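Report on one structure; see the data block that follows.
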Ligand SMILES: [Zn+2]
């Protein structure tokens, strides 16, 4: 089943060559929606000027200095009009989280780090029920669980630490893993998601063969790398080097997720590894989120013995969301051994390092959003408030580029539909945000992680308003599948 009809608009080669990939739809006057008098910003063309934007049939149909007439006219004077943000790393795919994402300016939220356990079931569940655009990778941890006869079910994305995570796969199991990944790609997955730290039994050989499969299918690998910290073997640098090596020898494209929390004190060195590989022609990208704490399943293999030594922390670096309970050894042991998958927050990074990583030009922003962590609600507005407005370490255009164009370009490896994402250009999908750059900001905290961000006045997904004058629109589900 195809969820996105093929584009009726042919791409023009000349435009492609210019990087302006978006051909003009037929004129439509009056437009369905006109966003008038805003400061229109597009990180690809560098446009940053007052313009009127006409939207028709779900696309940006006209960007004009002259007046446009619309069935609905939004006065955006004093507001920024920008492409909606694309979150490559969003785990929570429930309705409440989608609403929080929309208030944070996110119009596309994809589960790419690890992928959902069943791509077809996910795409069917989301079709016609999603506020914002969605999509997923094929999950290597889930394929592994499947091969071990213990399949995962949403919302569990990784298995409890056990044979399916900790043992090397046999040749028969490896064949099952590859077959499962292949059928998940056939079902519309946008790449292969690997959480190597959650499947430490996966050998280097298994990692390389999974990259080979991705290369053969011409899709990227998105990965949470094997380990973190400075103890060798298994350091952050060694772990990033492993996947860069796998990309180099197989030709697969690679996206290293949350380089902030995978590399910690060595964040800048890990970014230098990615930059060095890119300089030698490899297609490798990375992302970060703007918080000092991570969050993950406490019964996962990430907490196999040795985690405290690797991180240089003790049990009290772990906190349960909502209650704020700090863990002791006894409490940790109970929760780690439980088959119930509970999320725990890990305070393991420094604000100074996070600030430096976020400002790095090749780092895109992705939230790693999960319910119970403020990053689910606040990541994108926090970039605009803290890094653009307060610290001035990013220009507004650079921040928009990290949150819209760069993730769209990463997705172009998987689907040509991504050429219409992340741009404020004629012909682009009308995923558009209109916000007050002086007021936009995050409100979610570790104590109150579900507080919606403020400052997004209008948010459109495929030309449909999902936030109108700062208020949520009820009963609309314009989210589209982004799929191969
Ligand atoms: Zn992760």
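Numbering (the working numbering), first residue to last: 1068 to 1551. Glycine included, each C-beta is placed from N, C-alpha and C at the ideal position. Note that the structure is a prediction, hence the values are computed from the model and not measured.
Quick check: does the Cβ of residue 1251 come within less than 6 Å of any heavy atom belonging to ligand 1? Not so, every heavy atom of ligand 1 lies at least 6 Å from the Cβ.
Please go through the same chain and pick out, in chain order, the residues whose beta-carbon is closer than 6 Å to the beta-carbon of residue 1540, but skip the five residues on each side of it. Excluding residues within five positions, the ones whose Cβ falls inside 6 Å are 1532 and 1533.
Could you pull the start and end residues of the beta strand (DSSP E) that residue 1152 belongs to? For residue 1152, the uninterrupted beta strand (DSSP E) segment begins and ends at 1152–1154.
Just how far apart, CA to CA, sit residue 1538 and residue 1168? The alpha-carbon of residue 1538 is positioned some 13 Å away from that of residue 1168.
Helix, strand or coil at residue 1042 according to DSSP, with G and I counted as helix: Nothing in the structure corresponds to residue 1042, since the chain is present only between 1068 and 1551.
So if DSSP puts residue 1201 in a beta bridge, which residue, or which two residues, is it bridged to? Note: residue 1201 sits in a beta bridge opposite 1176 and 1548.
Tell me which same chain residues have a C-beta within less than 8 Å of the C-beta of residue 1464, skipping the five on either side of it? These residues qualify, in order along the chain: 1108, 1110, 1113 and 1115.
What number of angstroms, rounded off, separates the C-alpha of residue 1336 from the C-alpha of residue 1192? Looking at the two C-alpha atoms, the distance is approximately 41 Å.
Rounded to a whole number of angstroms, what is the C-alpha to C-alpha distance between residue 1468 and residue 1272? Going by the C-alpha atoms only, they are around 36 Å apart.
Length of the line joining the Cα atoms of residue 1217 and residue 1371: C-alpha separation (whole angstroms): 19 Å.
I'd like to confirm something about residue 1291: is its beta-carbon nearer than 6 Å to some heavy atom of ligand 1, or not? Flag set: Cβ of residue 1291 near ligand 1.
State the DSSP-derived secondary structure class of residue 1316, mapped to helix, strand or coil. Helix at residue 1316.
Determine whether the beta carbon atoms of residue 1435 and residue 1325 lie at a separation below 7 Å. In terms of Cβ geometry, residue 1435 and residue 1325 form a close pair [threshold 7 Å].
Which word fits residue 1331, buried or exposed, when buried means at least 16 other C-beta atoms lie within 10 angstroms of its C-beta? The residue in question, residue 1331, is buried, as its Cβ has 16 or more Cβ neighbours within 10 Å.
Measuring only from the beta carbon, is residue 1180 closer than 6 Å to any heavy atom that is part of ligand 1? Taken from the Cβ of residue 1180, at least one heavy atom of ligand 1 lies inside 6 Å.
Per-residue DSSP class, three states only, for residue 1230: Correct three-state label for residue 1230: helix.
Thinking just about the alpha-carbon of each residue, which of 1515, 1512, 1486 and 1523 is nearest to the one in residue 1504? It is 1523.
Taking the alpha-carbon of residue 1481 as reference, which of 1287, 1374 and 1455 has the nearest alpha-carbon? Of the candidates 1287, 1374 and 1455, the one whose C-alpha sits nearest the C-alpha of residue 1481 is 1287.
Is the beta carbon of residue 1121 sitting closer than 7 Å to the one on residue 1128? Contact annotation: residue 1121 and residue 1128 have beta-carbon atoms nearer than 7 Å.
Since residue 1259 contacts residue 1204 with CB under 8 Å, what's their CB separation in whole angstroms? With 8 Å as the limit, residue 1259 and residue 1204 qualify as a contact, their Cβ atoms being about 6 Å apart.
So, for residue 1342: in the same chain, excluding its five sequence neighbours on each side, which residues have a beta-carbon less than 7 Å away from its beta-carbon? 1429, listed in sequence order.
Tell me, please, whether the CB atom of residue 1539 is closer than 7 Å to any CB atom in chain D? Note that chain D does not occur in the displayed structure, where there is just one protein chain.
Closest residue to residue 1228 among 1369, 1246, 1195 and 1242 (Cα-Cα distance): That would be 1369, whose Cα lies nearest to the Cα of residue 1228.
Please check the pair residue 1487 and residue 1255, which I expect to be a contact at CB under 8 Å, by giving their CB distance rounded to whole angstroms. Not confirmed; about 17 Å, so no contact.
Using DSSP's beta-bridge definition, name the partner residues of residue 1502. Its beta-bridge partners are 1147 and 1523.
Residue ranges of each alpha helix (DSSP H) run of no fewer than 4 residues wholly in the segment 1282–1352, ordered along the chain? Within the segment 1282–1352, the complete alpha helix (DSSP H) runs of at least 4 residues are 1303–1317, 1326–1330 and 1334–1346.
Taking only three categories from DSSP, how would you classify residue 1277? Residue 1277 falls in the helix class under three-state DSSP.
Residue 1514, buried or exposed, once every other Cβ within 10 Å from all chains shown has been counted against 16: In the assembly as shown, residue 1514 is an exposed residue. Its beta-carbon has fewer than 16 other beta-carbons within 10 Å.
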